[in-house]
Amino acid sequence: MNNTILITGGAGYIGSHTTLALIAAGYDVVIVDNFSNSERWIPARIAELAGRPVQCIELDLCNAAATERCINEIRPAGVIHFAALKAVGESVADPLRYYRNNVTGTLNLLQAMRQHGCNHLVFSSSATVYGYPEQCPIDESAALCAINPYGRTKLMMEQAITDISSADPDFNAALLRYFNPAGAHPSGRLGELPRGAPNNLVPFVAQVAAGIRDRVRVFGNDYRTGDGTGVRDYIHVMDLAQAHVQALAYLQRERQDLVVNLGTGQGYSVLQIIQAFARTIGHDIPYEITERRPGDADACYANPSLAQALLGWKASRDLDAICADAWRWQLHLGAA
Ligand code: UFG
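280 is the number that this note's numbering gives to position 280 of the sequence shown; each next residue is one higher, with no gaps.
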């Protein structure tokens, strides 16, 4: 039986951890990546951690002909699709690049999959499709509403995939809506590689802890939350990776579509994250309260019970594990 899974964006943050999880589960994996937001040494690092070679093809999904050739050559049993741009601010400044890269790239991939009878797609979606959530915890039936170009690309990709699977009973897709991925591989040898100042809270806090930046800027303390700072659902990247393995198995077994939230169900405020990280490193982390960042919601955390019911998946790593693994990775990257 063909056991090969193609992972687009497999050299990226979540893609690299998922590649390892799939190999551990017994799949053959082929990474495709254009390295626009990842490093060329990552596939070798994955191979080192997996203890076996990993095939990697440099490919930009915006190139329809090359994408078609790749699918034709590999003939994967399924595809896990991570490759996308993901910075909200950048998407507001350069929306065309986001629509072209994310939406066109996905349509090219879908076209090639349809052409060559590849019928299982696991798609990297985001809680961003809920916009400003009306209530928390958020379940999958909550209203969908994107509030920036990045979010609109995620929503468009979800809609295109859903329409294609509705039109063809042989084609099945899993839409996985991540909350806030954080943490790193427990070896300390794989993790997120932010270019420049991190947009996301946990890597920013890690850089302050390492002395690379002088303080965390806490974006507002007048939100309608316990301590006034934004509340999010931080999910360990290793738990997230495992969910992809189970989603793929679900598609192969049930041959049905799937839409699930991937979060812990537990919200933490910005100040709680800073405190948890300070506990990990054993000293305080400097911060200052600044203006709100435009577009941020008060609170955003998942009801993850559908993923548990359908996939038997539940996050097993807590905030301390996220901080400990993010810190080990930061030490590997270097301190000031
Ligand atoms: N925050 C700070 N200081 C920082 C960075 C973040 O106070 O330097 C705060 C934010 O205001 C927010 C929380 O920390 O309250 C988390 O912010 P992140 O940028 O880490 O994450 P977001 O929840 O804003 O964004 C994440 C993903 C996006 C996705 C969004 C909604 O990174 O891709 O969730 O699903 F669109």
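Quick reminder that beta carbons are idealized off the backbone N, C-alpha and C, glycines included.
Cβ-heavy atom distance, residue i to the ligand UFG, below 6 Å
i, result
"Arg-213", "no"
"Arg-293", "yes"
"Arg-232", "yes"
"Asp-139", "no"
"Asp-94", "no"
"Val-259", "no"
"Ala-276", "no"
"Asn-180", "yes"
"Thr-128", "yes"
"Phe-409", "The structure shown does not extend to residue 409, since the chain spans only 1 to 336, so no value can be given for it."
"Asn-200", "yes"
"Phe-171", "no"
"Phe-123", "no"
Backbone CA spacing between residue i and residue j [nearest angstrom]
i, j, result
"Glu-58", "Asp-284", "43 Å"
"Arg-328", "Pro-169", "45 Å"
"Tyr-234", "Ile-322", "8 Å"
"Leu-110", "Ser-166", "14 Å"
"Pro-76", "Thr-4", "5 Å"
"Ile-212", "Arg-114", "47 Å"
"Pro-149", "Val-92", "6 Å"
"Leu-176", "Phe-123", "6 Å"
"Ala-276", "Ile-164", "43 Å"
"Ala-66", "Asp-60", "8 Å"
"Val-216", "Phe-204", "7 Å"
"Ala-11", "Pro-181", "16 Å"
"Val-208", "Pro-43", "28 Å"
Element boundaries [alpha helix (DSSP H), containing residue i]
i, result
"Tyr-98", "95-98"
"Asp-168", "Segment: none, Asp-168 is in no alpha helix (DSSP H) and carries neither H nor E."
"Tyr-250", "237-254"
"Cys-323", "319-333"
"Leu-61", "Run containing Leu-61: none; DSSP gives neither H nor E here."
"Leu-22", "13-24"
Which residues DSSP lists as bridging residue i, in chain order
i, result
"Val-218", "Ile-289"
"Ser-269", "Val-231"
"Thr-8", "Val-32 and His-81"
"Asn-261", "Arg-177"
Segment limits, beta strand (DSSP E) that includes residue i
i, result
"Pro-43", "Note, Pro-43: premise wrong, no beta strand (DSSP E); alpha helix (DSSP H) at 42-50."
Open item on the list: Please give me, in chain order, every unbroken run of the alpha helix (DSSP H) with length at least 4 that falls completely inside the region 63-137.
Closed with: 64-74, 88-93, 95-98 and 105-115
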